[in-house]
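Taking it in order: structure first as structure tokens, then the write-up.
Residue numbers (this note's numbering), protein chains in the order written: chain A, 1 to 428; chain B, 429 to 536.
Here's what the structure looks like:
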């Protein structure tokens, strides 16, 4: 009935203890890895520079310093030379060896007047020489007579005379060839290749080409008085080379503002108008220098120059002092009234340089430098301009009176000559 | 050009001074310069800048003249050099140690 049994022990877990037990968790954190790197730099190239002044010119800086005693041998030296020197000094002071001896190092004194060419008939009538031109061979000089002081229309006859300087019977008072012209001649230009052709501009506005080899009638071609030709005196004529070698045309400029290009028509003995350019005040390009356009008048041309480098460019100087660069190939029609001319006039002005006061009497392009030209006006100044800028590069006062002509030397690039109201001067 | 020291006359004997005075007293003499063999002026009666200019230029001229004479004939030597200009005449007496330069205006 009753037995002993051993039972296993029973445990009951404590509940309250368990809830009070602290919970523990362990966590760890760590920053991200820090990247470090090591680099070295070192300059590989080195430079060394040093300056040093140049040693002084020895001869100039040393003067004898203070010496207690005189330099050795000075006394003996002076004793040796004293007599010789004194003898020479005395002899020199009495000598007449160099009396009147003039040495001439100066180049400018080599200019001398060789001949004074005169035409007695013209002198008697009091005509002025208006234009002079050498022909291409360099032995004949042609001179045009006319009047420069007459304001009104004159029908006085005048002459063109040529002198041949290399002829044996040359006499300065006797011209070799005298061409009678019915009015005063105001401009003259000899042909650059053919020694017998001379182009001239007349007071009446006509342009004539003479052939001096023709004995009967030297007039080769005449422009005639038509709607095509000038109405005012022609102040400049020039021979313009064409693209075809050997052919030339005549360019004439007058004070009414027209510049005309003529072609010589040998069959008819006429000059045929090839191109006409009219310079009108409004169409003159204004440079940055202020210049007020006065009305719509024409620009009277007093001087003309062709550029030997650029066959399209020619320079024009006006009565009012304007200097313009013009182009033969300009296509802009002129703003002047069309008066029934055979060729429509064009406006050639492309660029205007700084104007001077007073008429521009002469312009000449440098035969050596592409962009240089000289201009001379009545203010006595000669301006050296560059074709590329409006203001002159250099202005030289040549004289107090008017300058009438300026020309570059054909052989020396830096020399030009200017003729003034007082006499010719030559400058660098 | 920079002159680092001014020209001073040094203590020299009376004979030298007298000789120079005698030369200076000749008719038309404008100035005397004594230059040593290196071209440095030792004694002068002109102002500093002219002295230095004369000394330098004339030294070169004398050397050239001397070498010209000796080249033409090695047994010959330069004894006296006169340079005449429009305004005056420069006389140079050369020697182995010194040159004496006298500037004279003969028409004075």
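Where is the CB? At the ideal position from N, CA and C, for every residue including glycine.
Here the structure is a predicted model, which is why all the values come from computation and not from measurement.
Those residues of the segment 73-101 of chain A placed with their C-beta closer than 8 Å to a C-beta in chain B are 73, 74, 75, 77, 78, 79, 80, 81, 82, 84, 85, 86, 88, 89, 90, 92, 93, 95, 98, ordered along the chain. Among the residues facing chain A, residue 516(B) is not included, as its CB has no counterpart in that chain under 8 Å away. Ranked by Cα distance from residue 187(A), the options 217(A), 223(A), 254(A), 165(A) are led by 254(A). Non-local beta-carbon contacts of residue 179(A) in its own chain, meaning distances under 7 Å to residues more than five positions away in sequence, involve 159, 160, 210, 218 in chain order. Secondary-structure assignment with DSSP links residue 333(A) through a beta bridge to 346(A). Counting only runs of at least 3 residues, the segment 449-475 of chain B fully encloses the following beta strand (DSSP E) elements, listed from N- to C-terminal order: 457-464, 469-472.
Judged by DSSP in its simplified three-state form, residue 191(A) adopts coil rather than helix or strand. Put simply, the CB of residue 498(B) is far from chain A, with every gap to its CB atoms at 8 Å or more. Out of 411(A), 157(A), 282(A), the CA that lies nearest to the CA of residue 122(A) is found in 157(A).
If you draw a straight line from the Cα of residue 535(B) to the Cα of residue 456(B), it is about 7 Å long. Using a C-beta cut-off of 8 Å, the segment 488-503 of chain B makes no contact with the segment 446-460 of chain B, since fewer than three inter-stretch Cβ pairs fall below that distance. Apart from sequence neighbours up to five positions away, the residues of its chain that approach residue 421(A) with a beta-carbon distance below 6 Å are 401, 402, ordered along the chain.
Secondary-structure assignment with DSSP links residue 248(A) through a beta bridge to 241(A). Listed along chain B are 464, 470, each with a C-beta nearer than 7 Å to that of residue 71(A).
At a Cβ-Cβ threshold of 8 Å, residue 482(B) and residue 74(A) do not count as neighbours. Burial check for residue 134(A): the Cβ neighbour count within 10 Å stays below 16, so the residue is exposed.
A straight line joining the alpha-carbon of residue 486(B) with that of residue 505(B) spans about 17 Å. If you look at residue 384(A), you'll find it isn't in any alpha helix (DSSP H); it sits in the beta strand (DSSP E) that goes 381-386. Listed as beta-bridge partners of residue 397(A) by DSSP are 381(A). Considering only 168(A), 240(A), 233(A), 105(A), the residue with the shortest C-alpha distance to residue 261(A) is 240(A). The DSSP-derived three-state label of residue 164(A) is strand. Counting only residues of its own chain and dropping the five nearest sequence neighbours on each side, residue 251(A) has a CB closer than 6 Å to the CB of 238, 240, 261. Inter-segment contact for the segment 403-410 of chain A and the segment 356-368 of chain A is present: three or more beta-carbon pairs are separated by less than 8 Å.
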